[in-house]
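Student: There's a structure below that I have some questions on.
Numbering (this note's numbering), first residue to last: 87 to 256.
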């Protein structure tokens with residue numbers, strides 16, 4: 087037998103109430119916003135993969151490669167958003183049906199010319215960027231710097247995606 091004294095484990099905060107210095111109501115409000123952002127990101131990732139898989143024509147190579155870059159970045163963003171929701175005390179949604187309830191984006195799965203497919207993605211990226219902009223400010227107001235930085239990065243990604251997709255669709 088060891089004679090070493092073993093310290094009892096510290097009692098941690100109950101799930102959903104992390105002691106990280108953020109106001110409880112602000113965290114709950116941000117979790118709701120992040121859930122919508124997660125759903126929107128999931129939906130645009132699926133739509134981006136659809137374009138990637140189904141694009142044809144003279145711009146195939148360019149569109150195929152750009153959409154691959156985008157859906158990989160979106161997949162990573164989904165993980166980061168879900169982990170942030172968990173970090174600030176929420177439960178990360180993992181249900182397609184719930185994503186469909188939360189997303190502001192329209193599901194699209196029909197044959198279309200590349201120009202129309204790119205236009206769908208442009209409009210979705212614009213919608214997400216427009217929704218994120220005030221949310222970035224809200225995170226700043228609550229001194230939630232980690233969420234602020236993450237959302238600022240997401241906003242930059244969507245703005246750049248609009249630029250790149252518009253350039254391809256010109």
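In this text, a Cβ means the ideal position worked out from N, Cα and C, and glycines have one as well.
Taking one C-beta from the stretch 217-224 and one from the stretch 192-205 each time, how about it: are there three or more such pairs within less than 8 angstroms?
Tutor: no
Student: Okay, do the stretch 159-173 and the stretch 116-134 touch, 3+ Cβ pairs below 8 angstroms being the bar?
Tutor: Yes, since at least three Cβ pairs between the stretch 159-173 and the stretch 116-134 fall closer than 8 angstroms, the two stretches touch.
Student: CA-CA distance, residue 229 and residue 164?
Tutor: Each residue's alpha carbon lies about 23 angstroms from the other.
Student: In whole angstroms, what is the alpha-carbon distance linking residue 211 and residue 152?
Tutor: 14 angstroms
Student: Which value, in whole angstroms, describes the spacing of the CA atoms of residue 202 and residue 168?
Tutor: 31 angstroms
Student: If we require 3 or more residues per run, which beta strand (DSSP E) segments fall completely within the stretch 115-187?
Tutor: none
Student: Considering just the uninterrupted stretch of the alpha helix (DSSP H) at residue 208, what are its terminal residues?
Tutor: 200-227
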